[in-house]
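Our numbering runs 1 ahead of the 1-based position in the sequence shown.
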Amino acid sequence: MLDGYRRVGLEANGRDAGLSLAVADGPLKRARGLLGQREVPAGEGVVLLPCDSIHCLGMSCTIDVVYVHVDDWPGLSGVVILCETVRPWKIGTNPAGTSMVIELARGAGEAAGLAPGTRVRLLRP
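Given below as structure tokens:
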């Protein structure tokens with residue numbers, strides 16, 4: 002999934018969440034996100050940064066969306082504001098204060114222990 006993207010892991014409340022995230026840190030990569038993916042493989046996703054809003058227009062699969070307020074840019078860590086499931090052709094909630102968004106397979110956010118108030122940090126390989 003998303004070949005050629007740099008990949009990072011994710012830590013949630015000090016524990017490895019077991020996720021491999023493609024990093025979409027440029028305007029074209031952020032615009033693409035998961036567009037064109039028929040499904041998101043288990044344990045994978047994409048992190049969009051910086052990013053404050055998402056949509057699923059043109060997508061064919063339902064995804065979990067995790068909105069994060071980054072309070073430590075050098076350490077790429079912050080606090081989860083909201084987790085929601087977004088269906089194809091819908092627009093995300095886009096809560097105020099969001100500065101990073103993580104898109105995952107449906108159900109993966111809860112399985113990884115991601116909920117409002119969870120402290121997350123991107124893990125460089």
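Glycine included, every Cβ here is placed at the ideal spot set by N, Cα and C. Here the structure is a predicted model, which is why all the values come from computation and not from measurement.
- For the options LEU22, ASP17, ALA18, VAL69, the alpha carbon positioned closest to that of ARG8 is the one of LEU22.
- Linking GLY108 to LEU83 through their CA atoms gives a straight-line distance of about 14 Å.
- For the 8 Å CB-CB criterion, GLY5 and LEU36 do not form a contact.
- For ALA109, the uninterrupted alpha helix (DSSP H) segment begins and ends at 109-112.
- GLU104 has its alpha-carbon roughly 12 Å from the corresponding atom of ALA43.
- A buried status is given to GLU45, since no fewer than 16 other beta-carbon atoms sit within 10 Å of its beta-carbon.
- Under the three-pair Cβ rule at 8 Å, the stretch 89-97 does not count as touching the stretch 112-122.
- In the three-state scheme derived from DSSP, where H, G and I count as helix and E and B as strand, ARG120 is classed as strand.
- When ARG31, ALA106, GLY27 are compared, the shortest CA-CA separation from ARG39 is found for ALA106.
- Judged by beta-carbon spacing, HIS70 lies within the 8 Å limit of THR99, meaning their Cβ atoms are closer than that value.
- Straight across, the Cα-Cα distance linking GLY34 with VAL47 is about 7 Å.
- Secondary structure of ALA13 (DSSP, three-state): strand.
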